[in-house]
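Top line first, the protein sequences correspond to chains A, B and C.
Be aware that the first sequence starts at 1, since it is given in my numbering, and climbs by one per residue.
Be aware that the second sequence starts at 1001, since it is given in my numbering, and climbs by one per residue.
Be aware that the third sequence starts at 2001, since it is given in my numbering, and climbs by one per residue.
Glycine residues also receive a C-beta, built at the ideal position from the N, C-alpha and C atoms.
Just so it is clear, the structure is predicted and the values come from calculations on it, not from any experiment.
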Amino acid sequence: MTLAAQIQVRLDGFDLDVSFTAAPGRVLAVVGPNGAGKTTTLRALQGTVALDGGRIELAGSVLDDPGARAFVVPEARRVGMVHQDLLLFPHLSARDNVAFGLRAQGVAKAEARRRADEQLAALGLAAQAGSRPSALSGGQAQRVALLRALVTQPDLLLLDEPLAALDPTVRGDTRRDLRRTLRTFSGIAIVVTHDPIDALTLADDVVVIEHGRVAQTGTLAEVTSRPRSRHVAELLGTNLIQGVATGTEVQTGGTVIHLADAAEGDVFVTIPPSAVALHTAEPEGSARNRWPMTVASIEPSGERMRIRLDGPLPLVAEITTASLAVLQLQSGTEVWASVKATELHAYPR
Amino acid sequence: MSVRRSLLALFAGIALLLAACGSSGGSEASDTTKAPSSGGGATTTEAPLEGEITVSAAASLTESFTDIGAAFEEEHPGTKVTFTFDSSGTLSQQILDGAPVDVFASADEKNMEKLTDAGLVKGEPAVFAQNQLVIVTKPGNPEGIESLADLADAGIISLCGEDVPCGKFAGEALENAGVTIPEGSVTRGQNVKATLAAVTEGDAVAGIVYVTDAIAAGDAVDTVAIPADENVIATYPVAVLTDTQDAALASAFVDYVSSEEGQAVLEERGFLPPA
Amino acid sequence: MLLAAVVALLLFALPLIGLLQRADWGNLLDDLRSPTSTAAMRLSIETSLMATVLAVALGMPLAWVLARTDIPGKAAVRALVLLPMVLPPVVGGVALLSAFSRRSPLGSWLYDVFGIQLTFSPAGVVLAEAFVAMPFFVITVEAALRGLDARYEQVAAGLGASPTQVFRRVTLPLIAPAVAAGAILSWARALGEFGATITFAGNIAGRTRTLPLAIYLQLESDPESAIALSLVLLLVSFAVLVGLRDRWLGGARR
């Protein structure tokens, strides 16, 4: 019941070549910057884009294999999709939207509607069953779209930025509902998202796609603790530095980072922004990692402030608003940044 | 915005004004010599004729009057004759509605009477030609039509509308012959040329038109004569209209139609001389 | 802008008001009840409705092809379909004659093999009317199909619907207002058709003499009757067109 995908697509000068697998009962998050190829990947799985090379096999049947001239049209694939724009049929009620897939399979109208009502009631939408999509709130519409895709019990469920269109105030509730629903889904769920919280909340496994290639795969824990790409690092809001380690020293771009534990060879080093301390003058003390920096930009982040720094190595620091006031930082101010070696984490690249 | 509004109002006003002007009277005549004349009789003037006139003539006069018009213009350089050909009924109605026409030539006296009764005719109309009816069929006469009686069950027959002179006369001829064509087999044309076209271009099996139209159609049709005791004579009057802007030129044209030259053209085209 | 619109409105309204004014209201019903009048009215209604059905049945696939496919020479196809809108109707009639008269290859084959003659027949009237009316339907529906988000159809396919199911349950309902508007416009055009009808189907009482032909024929002999018939045409068309909601003409908007 697994998905084995080797997707090679050339489209408008864009070259996508990714391979990954996904297992049923697990949620795979596909993350990556804009234009990386995430949507094209979804469309290849759905069948609206045909492969130029590679192979897609789902639950034992081949969906697309250009080499063997095999191609299953979208309507014959057991793949459900929730679009970013939801695309609920505007002329049908919520009930009929959900029932649509069943009726397409030949289920009688009354029976299809009954089952649709059941599903809607289970998500607390019984009162909205007769409403048109235009009368639904963002969160309600999203749930209806999800039910519509799930009601045909697909082997593979694709979700394209499922929460992007929602008001931030309802996003949290809807995300929780989505998580709950996906947990009960027995097939394979793939979620494309930009939002790190979505990925962190919903995913069991992660595939990172950058520039049409897979930058990293693994479980959520693996990927977040050892990010191997700038994108994931940014996703997680952490600093990611590449360098060459010899013992407890890491050479990177002419600067040395001091580690607590020894390492050898090519490494990634993560530095949590909250571990970067800022000083107006060169600090005293035991921190062996200290560099003169210039403030590039200051952004609020939640209740704290994120400071982008230019210097021997690019760093983002996170400090309290109070500290910002004390340091009197502005764009262009010169500061010293220091990090305790014990706060760094290095791992092979 | 207000400037645009004023401009629009101005244009609208001018448009309405032009429309009002255009409908009454006729177009301004170019300089002409107005000789004192009453329509009908020949008038000699010393100054050469020039100017433009409009002539409404029955459709059956299409070829002959076009020839006559060209000859007239050649004889009187500087003149121009413009024709409108249609059924006499349509044309007389247009004139009654105020169409700016100088001369009217009808295929029957009834339509001319409508105009004289309305006081629109200058002087007396003059009969200038006569015509007769003939049956036309597709080339080769595939249905083997030999008389009016054969028309009753030959297929779709093309006749002029009942109020078009040739349609009225066709009805009379059929009555004279004691023939009734079922209504479901009769297609009616708005004028004699359209009636003819139904046979030459369309699928009508046969039709009844004037002898002159059959001659004008040449090889496109075969003809079957209608015996004299069944046939109908159509009398063609012509007259100058009171609304004419150039009575001298209009009279000259009417005279020309009845002159030796005009009559020669009409005879060549198959018309009978005015009785 | 408003002033120009008023002038335009007068252009339409004045002739119609003039017609209402000229009518002999006293004898109107008698004029209308005459056998010639009732025959013409019945024939007009029957043929215009059938022509509309034909226009919809043939026009729908045409509109689909023009809106959704990428066949080579599509611009030429569209121009061909819209040609009857631009041609003088009599020219359309002449064109139909050259294609379907008994002297044409197709027409003679139809007659020899099936005994069918389209000229001078009610079927010929329907054909002539459909010829001039169909472009109105195609142009209306094509615009609606273009304006329709094609992704809805992709979603439906993704849910397992076959192409027929997609068309029936998603596409058609979403363009239904445009289909209705297109059909009504076609019907109105078919009802008023004169030139192509008289040229191709002729002018046979009870068989091809539709209302416009009857009016024309009676204009000199019996103007009152002609005007009475004109009023019927005017009022029926007006009533139907008033029902044409402007939201239908604007495309499928909810």
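Assign residue i to one of two classes, buried (16 or more other C-beta atoms within 10 Å of its C-beta) or exposed (fewer than that).
i, result
"Pro300 (chain A)", "exposed"
"Leu1115 (chain B)", "buried"
"Leu120 (chain A)", "buried"
"Thr1187 (chain B)", "buried"
"Leu2014 (chain C)", "exposed"
"Gly60 (chain A)", "exposed"
"Lys2074 (chain C)", "exposed"
"Gly1022 (chain B)", "Residue confidence for Gly1022 (chain B) is low, a pLDDT of 43 falling below 50, so the modelled location carries little weight; the figure read from the coordinates is stated next. Exposed."
"Ser134 (chain A)", "exposed"
"Gly1098 (chain B)", "exposed"
"Arg69 (chain A)", "exposed"
"Trp2109 (chain C)", "exposed"
"Ala127 (chain A)", "exposed"
Could you tell me the distance, in whole angstroms, from the CA atom of residue i to the CA atom of residue j?
i, j, result
"Gly1026 (chain B)", "Glu2220 (chain C)", "Note on Gly1026 (chain B): pLDDT 40, under 50, position unreliable in the model; no value is reported."
"Ala1029 (chain B)", "Phe2131 (chain C)", "Note that Ala1029 (chain B) scores 40 on pLDDT, short of 50, meaning its location in the model is unreliable and no value can be drawn from it."
"Ser2225 (chain C)", "Gln2021 (chain C)", "14 Å"
"Ser2034 (chain C)", "Ala1220 (chain B)", "39 Å"
"Val144 (chain A)", "Arg113 (chain A)", "14 Å"
"Thr2171 (chain C)", "His83 (chain A)", "19 Å"
"Ala189 (chain A)", "Ala325 (chain A)", "46 Å"
"Thr40 (chain A)", "Thr169 (chain A)", "30 Å"
"Leu159 (chain A)", "Leu182 (chain A)", "11 Å"
"Phe1128 (chain B)", "Pro1274 (chain B)", "5 Å"
"Thr1033 (chain B)", "Ala1234 (chain B)", "Because Thr1033 (chain B) carries a pLDDT of 43, less than 50, the predicted location of this residue cannot be relied on, and the following value inherits that uncertainty. If you take the alpha carbons of Thr1033 (chain B) and Ala1234 (chain B), they lie about 36 Å apart."
"Pro1227 (chain B)", "Val1205 (chain B)", "20 Å"
"Thr246 (chain A)", "Gly212 (chain A)", "33 Å"
"Leu2016 (chain C)", "Phe2238 (chain C)", "11 Å"
"Leu2062 (chain C)", "Ala2188 (chain C)", "20 Å"
"Phe1271 (chain B)", "Gly1262 (chain B)", "11 Å"
"Ser1037 (chain B)", "Gly1123 (chain B)", "Because the pLDDT at Ser1037 (chain B) is just 45, under 50, the model does not fix this residue reliably, and the value given afterwards should be weighed accordingly. Roughly 10 Å separates the two Cα atoms."
"Gly37 (chain A)", "Leu3 (chain A)", "18 Å"
"Asp96 (chain A)", "Ser297 (chain A)", "51 Å"
At least one CB of chain C closer than 7 Å to the CB of residue i: is that the case?
i, result
"Phe185 (chain A)", "no"
"Glu75 (chain A)", "yes"
"Phe71 (chain A)", "no"
"Ser1027 (chain B)", "Unreliable placement is indicated for Ser1027 (chain B), whose pLDDT of 41 sits below 50; the coordinate value is still reported in the next sentence. Judged by the 7 Å Cβ criterion, Ser1027 (chain B) is not in contact with chain C."
"Gly130 (chain A)", "no"
"Gly1022 (chain B)", "In this predicted model, Gly1022 (chain B) has a pLDDT of only 43, less than 50, meaning its place in the structure is not dependable; the value taken from the coordinates is given anyway. For Gly1022 (chain B), the answer is no, since every Cβ of chain C falls outside 7 Å of its Cβ."
"Gly1140 (chain B)", "no"
"Gln1094 (chain B)", "no"
"Gly1270 (chain B)", "no"
Please say whether residue j and residue i have beta carbons closer to each other than 7 Å?
i, j, result
"Ala2196 (chain C)", "Gly2093 (chain C)", "yes"
"Ala1071 (chain B)", "Ala1105 (chain B)", "no"
"Thr294 (chain A)", "Asp310 (chain A)", "yes"
"Val339 (chain A)", "Val276 (chain A)", "yes"
"Met1 (chain A)", "Pro33 (chain A)", "no"
"Leu2148 (chain C)", "Leu2174 (chain C)", "yes"
"Asp1222 (chain B)", "Pro1139 (chain B)", "yes"
"Val2126 (chain C)", "Thr2047 (chain C)", "yes"
"Ala141 (chain A)", "Leu87 (chain A)", "no"
Kindly say whether residue i, judged by its beta-carbon, lies nearer than 7 Å to any beta-carbon of chain B.
i, result
"Phe2194 (chain C)", "no"
"Arg2022 (chain C)", "no"
"Ser2101 (chain C)", "yes"
Is there a C-beta anywhere in chain A that falls below 7 Å from the one on residue i?
i, result
"Pro2173 (chain C)", "yes"
"Gly2251 (chain C)", "Residue confidence is low: Gly2251 (chain C) scores 45 on pLDDT, short of 50, so the model does not pin down where it sits. No coordinate-derived value is stated."
Check distances from the C-beta atoms of the stretch 2206-2228 of chain C to those of chain B and list, in chain order, the residues that come in under 9 Å. Cβ proximity to chain B below 9 Å picks out Gly2206, Arg2207, Thr2208, Arg2209, Leu2213, Tyr2216, Leu2217, Gln2218, Leu2219, Glu2220, Ser2221, Asp2222 and Pro2223 from the stretch 2206-2228 of chain C.
Please identify, using Cβ separations under 9 Å, the residues of the stretch 81-94 of chain A that lie next to chain C, in order along the chain. Cβ contacts with chain C: Met81, His83, Asp85, Leu87, Leu88, Phe89, Pro90, His91 and Leu92.
Interfacial residues, the stretch 2110-2126 of chain C to chain B, with Cβ spacing under 7 Å: Those residues of the stretch 2110-2126 of chain C that come within reach of chain B (Cβ to Cβ, closer than 7 Å) are Gln2117, Thr2119 and Phe2120.
Please identify, using Cβ separations under 8 Å, the residues of the stretch 1097-1127 of chain B that lie next to chain C, in order along the chain. Hits within the stretch: zero.
Under 9 Å (Cβ pairs) to chain C, residues found in the stretch 1182-1209 of chain B: Look at the stretch 1182-1209 of chain B: the residues with a C-beta under 9 Å from a C-beta of chain C are Glu1183, Gly1184, Ser1185, Val1186, Thr1187, Arg1188, Gly1189, Gln1190, Ala1194, Ala1197, Ala1198, Glu1201, Gly1202, Asp1203 and Ala1204.
Looking at chain A, which residues of the stretch 2147-2159 of chain C have a Cβ within less than 9 Å of any of its Cβ atoms? If the cut-off is 9 Å between Cβ atoms, the stretch 2147-2159 of chain C has Asp2149, Arg2151, Tyr2152, Gln2154, Val2155, Ala2156, Ala2157, Gly2158 and Leu2159 near chain A.
Relative to chain C, which residues along the stretch 1155-1180 of chain B have a C-beta separation below 8 Å, given in chain order? So the list reads Ile1156, Ser1158, Gly1161, Glu1162 and Asp1163, given in the order they occur along the chain.
Relative to chain B, which residues along the stretch 2036-2062 of chain C have a C-beta separation below 9 Å, given in chain order? Those would be none; no residue qualifies.
Chain-ordered residues of the stretch 2160-2191 of chain C with a beta carbon less than 7 Å from chain A: Look at the stretch 2160-2191 of chain C: the residues with a C-beta under 7 Å from a C-beta of chain A are Gly2160, Ala2161, Ser2162, Gln2165, Val2170, Pro2173 and Leu2174.
Under 7 Å, CB to CB, which of the residues in the stretch 1066-1084 of chain B have a partner in chain C? Cβ contacts with chain C come from no residue of the stretch 1066-1084 of chain B.
Give me the subset of the stretch 98-124 of chain A whose CB atoms are less than 7 Å from a CB atom of chain C, sorted by chain position. For the stretch 98-124 of chain A, the set of residues with a beta-carbon nearer than 7 Å to any beta-carbon of chain C comprises Phe100, Gly101, Ala104 and Gln105, in chain order.
So if I threshold CB-CB distances at 8 Å, which residues from the stretch 2009-2034 of chain C count as touching chain B? Taking 8 Å as the cut-off between beta carbons, none of the residues of the stretch 2009-2034 of chain C comes near chain B.
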